[in-house]
C-alpha cells in the first residue's frame, strides 16, 4: 500500500520511536552492540603538543595522508598507563572547584582557563571477525561534549563540533577483519556551548553497528497515526539504503509488522525496487488497527513496528521502531488537547546534569528524574536548551511525559538546519514529543525582521521533515514583533517581559504557552535568607521585581483558557548559573527540587494544584532552638477546602484555602509539635506534622529500588540521621562516610548550592615521562642481573644519528623520571615500550621484574624509589630496520603513579545526602555501609539479579 504524506496542520497525529534496536536474524542481519565498557582515558592539552602526546606533530599527520593518525590517534599508540573507565563519562564533574572556573559551568576546574583539563583522549580496542567482511560497520555516538575528532585504526573519520548532536561513521573500509581494531577520540571541551553546566567527554552511549549493505537507513522510519472512530490508520515510511556497488537491483520485499502492547501482531508486505548503489528508496505502507490503545500521560501504551527487508527470500535487515498512537492539537482559544481531551500543560524546564555524576547519567537516572517530576504532578518536560540523550525520551515515552524537543542554536546554514534535521529524524517517532523548539531567548534577533526571517526558515524546514507537530520558540524580550509575530506556537518566557494578554489580543489565531516561568530562588530546607552564606529562604516569593513567584505564575496561566500551560524554570537545580550569587555558590537556586532530586517546598504547592490526590504540606521544620518566643512564618500548601493549625494541641485558627493559593500564619516558636489538619467538605481528611527533634542518634539509608540488574543496574540511596525516636533531623549536617561491596559508588551529593565537596572519589593517575634519554653502544650481548658500571664520558643522546646498517650488538640506555611526591600508598608502575628486542630494566640500580600479566609492565616497589629524580636503565638488543623508512621507537615508556582515592563521603545538608550506586557485573548483592562520628552506623543490602 502506498502512503502519500501530506502536510498536516494542527491537530497533529503521531507516534514515535523510543530506540532503534537491532535483532540479528542471521549473519547478514543487523547487530547493534553497546561498547561503553573498557575505554582508556587520559588528559591531553589544548596547546602544548608535548602534553598532548605529540599529536599532530608527525610529518604525515592525520590530515596529510589517509590512515596516518599520530600520537594517540595512531593504532599502535601505547595507552596501557591511561585510566581505565566505562562510559558514559563526564570528566568535568570529577574536578575540584575554583573561583577562576566558569560561573556558567559551576566553577569546575575544567574547560577554558584550564588547558590541562580541557582536552580528553579516549581509546578502545574492538575485535571484528572475518565473517563480517562485506557488511557495513559503523560507529555510533549519541553525544560527545564537545568538538570531537574520531579515528579508526589511524584513519581520521571526522569532526562533530556540537556536544549534543549524535553522529556516526562508516568504518567498513578501515577494519582489520579477523583482528584487533582501535578507536581513538579526541574531545575538546575548552569552548562552552551553553551558559549552564555541560560536562566534558563521551557522556552518552557509543555503539558498533553492523548491517547488510542493503538496510534501513539510520533513523529511517517515520510513523504517523490518524485516529478515527474506533480505529487508527498507521502510516509508515521506511528509507531503504543501498550502501554498496551492487547494481543488480531487483525487487526487495518489505515486511512491516506492528506489535501491540499485548504482543498481538499485524503485518503487511510490499514489493519495491531496490535502490541503486549509494541511493535511497522509500517504502510507504498503511496498517489499520481496530480499537487502538492510545498513548497518554496516564496510560503510555507503546507499539512496535518491526521492519524486515527480504531479498531472494532471505532476511537481510531487521529494524525496530517503538511508537505510540495519539493525537495532539493546539487551539488558540482553548489551549492544548491530547487525544481530543483538553490537557493543561504542567511543565518544567531542565538541563541534563545530576548530583555526583554530572552529565554522565546512567539510564536509570533518567527514569528516576522523570518519576520525580510525575510525582510532583508535572506532565510536560522542556529540553533546555538542546536535543536530549535518547534515553531521556525513552523514559518519557514509557512513563507518560510530554516533551518539547529543542535544538541548540538558531540559524539557517547547514550547521543549524542540519542539527534540526538530525534532531527531528531521530526523535519524530517518540509519542512523548509534542512540539519542536527551534530557539530560546535570542535577544539579538527576537524583536526584528532578521528574527522573523530566521524563524520562518527554520519553522518551514522543520515542518517539511515533520508536519505533524507544531514549532515554538521561547521569547523573552517583548511579545509584539519579530519572532513572536511569525512563530506557530508562541513561547512566553516570563510574565514580566511583556504583556501576554495584549499579544494574544493582537495575534488571536496564534496558540501560546509559557515556555519559561518562575525563575525563583530557594534553598532546600532553609527558611531564613542568609546572603552571607548564599542561602535563599524556601518560601515562594518574587525572585525579582519584574519576575513572579511560582504561585503567581500558575494562577496567571491556569485562569486563562487560551494559554496551553506553563513550563517552570526549573524542575531540578543544575550546576552553574548560581544566580543571585557567585562564588562559592556552584549550583542554581531555581529548581523545584535540588540537584539530587530532594524536593523543595514548592514541589508541594505544585502537587496541590497539578495533581489529583489530596495534599497537605506544612513548612518550615520545627527545630528553632534559641528562637523561643520569636515569630516564625508558617505556611501550608494544600488543595483542601480548609486548614487548621495547632501548636502543641492548641488551635491557632482555621483558614479557607483560595484556589491556586496557600495559607500563612505567624507563630511564636515553642518546641514541640506543629500540626496542620486539612478538611474537605467539612470532614477532616489529612494531617501533616512537624516536631522538634532530639540529637542525632543513628544513620538511616533508603533506596529507590530494592533489586538491581547485575549488568548495569543503578540505585539511588538517600542518607539521613534520626533521633532516638526515629524522627528525621532536618537540620543535621553530619559528615557520613560510605563503603560498598558488590557494586560501585559512582557519585555523591547533598543539594547544598555552596558545597565544594568532591562529587567523586577516584584514584589520581599521574603520567611521568622519561627524560634525558642517553645511550652507550655495547660490544657484546649481555643482559645482566646486576647493573654494571659504564664509562661516564661515553653517554650520547639516544638514537641520534644512529647507523641502522651497522648496529652494535646491544645498547644501554639511561634516563630519568621525577616523582614530585611519594607516599607509602602510591602505586608506581613503569609501562615499558620496546626500544630493543630483548631487555632488562633497572631503576636506581635495582633490577625490576615484569608483571606476570604483562611482559612490558614493571611494578616499582617503594624500596627502590625516592622522591625527586630517579634513574632508569635499560639494557637491550637493538631493533633492526627492514626498510629505510621504518620508524624505530625511541620512547622507552611512561611511569604511572596512582594515588588511591579517599573514602567516599559527604556531609548532610538540611538533613539529607545522596549516594548513587551501580552494580559491578559480579551478580553479588550490593551492601552499602554508612558511618559517621557519634551516631550509629547503617547498612542496607540490595538484591542483584
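Residue numbers (mature numbering (1 follows the signal peptide of the UniProt record, and there is no 0)): -24 to -1, 1 to 921. Don't be surprised by glycine CBs; every beta carbon is placed ideally from N, CA and C. Treat the numbers as computed from the prediction; the structure is a model and nothing was measured.
Cβ neighbours of residue 826 within its own chain (closer than 7 angstroms, five residues either side excluded): 832, 833 and 834. Inclusion of residue 919 and residue 720 in the CB contact set at 8 angstroms is not warranted, their separation being larger than that value. In this structure, the straight-line span from the alpha carbon of residue 641 to that of residue 610 is close to 5 angstroms. Runs of the alpha helix (DSSP H) lying entirely within the segment 215 to 281 and spanning at least 4 residues: none are present. Shown here, residue 343 sits in a helix according to DSSP, grouped into three states. Counting C-beta atoms within 10 angstroms of its own C-beta, residue 338 has 16 or more neighbours from the protein chains shown and is therefore classed as buried. The Cβ neighbour count for residue 708, taken over all protein chains shown within 10 Å, is at least 16; the residue is labelled buried. Apart from the 5 residues on each side of it in sequence, residue 32 sits with its Cβ closer than 8 angstroms to the Cβ of 25, 38, 46 and 47 in its chain, given in chain order. In this structure residue 665 is exposed. Its beta-carbon is surrounded by fewer than 16 other beta-carbon atoms within 10 angstroms. Exclusion of the five residues before and after residue 187 leaves 6, 111, 112 and 293 as the residues of its chain whose Cβ lies within less than 7 angstroms of its Cβ. Taking each of 415, 143, 499 and 717 in turn and checking the Cα distance to residue 510, the smallest one comes out for 499. Three or more beta-carbon pairs separated by less than 8 angstroms link the segment 481 to 488 to the segment 454 to 472, which places the two stretches in contact. C-alpha of residue 723 to C-alpha of residue 888: approximately 15 angstroms in a straight line. When C-alpha distances from residue 436 are compared across 387, 90 and 608, the shortest belongs to 387. A residue is called buried when at least 16 other Cβ atoms come within 10 angstroms of its Cβ; residue 508 does not meet this threshold and is exposed. About 6 angstroms separates the CB atoms of residue 207 and residue 265; that is less than 8 angstroms, so the two are in contact. Contact annotation, residue 791 with residue 848: C-beta distance approximately 5 angstroms; criterion of less than 8 angstroms satisfied.
For residue 655, the beta-bridge partners assigned by DSSP are 618 and 660. With fewer than 16 neighbouring CB atoms inside 10 Å of its own CB, residue 40 falls in the exposed class.
Annotated three-state conformation of residue 533 is helix, per DSSP. In the DSSP annotation of this structure, the continuous segment of the beta strand (DSSP E) that includes residue 325 starts and ends at 321 to 326. Residue 503 and residue 883 have their C-alpha atoms some 20 angstroms from each other. Within the same chain, 27, 28, 29, 31, 48, 95, 96, 97 and 162 come within 8 angstroms of residue 20 by CB-CB distance, once the 5 residues on both sides are set aside. Bounds of the alpha helix (DSSP H) holding residue 479 are 476 to 482. Runs of the beta strand (DSSP E) lying entirely within the segment 789 to 851, each at least 3 residues long, are 803 to 808, 815 to 819, 822 to 824 and 830 to 836 in chain order. The DSSP-derived three-state label of residue 729 is coil.
In this structure residue 588 is exposed. Its beta-carbon is surrounded by fewer than 16 other beta-carbon atoms within 10 angstroms. Nearest to residue 689 by C-alpha distance, out of 668, 901 and 196, is 901. In the three-state reduction of the DSSP assignment, residue 572 falls in the coil class. DSSP, read as helix, strand or coil, puts residue 429 in helix. By the C-beta density criterion, residue 740 is exposed, having fewer than 16 other C-beta atoms within 10 angstroms. As far as DSSP is concerned, residue 566 takes part in no beta bridge. For the 8 angstroms CB-CB criterion, residue 371 and residue 687 do not form a contact. The C-alpha of residue 243 lies about 11 angstroms from the C-alpha of residue 236. When DSSP states are grouped into helix, strand and coil, residue 160 belongs to the strand group. DSSP, reduced to helix, strand and coil, places residue 144 within a strand of the structure shown.
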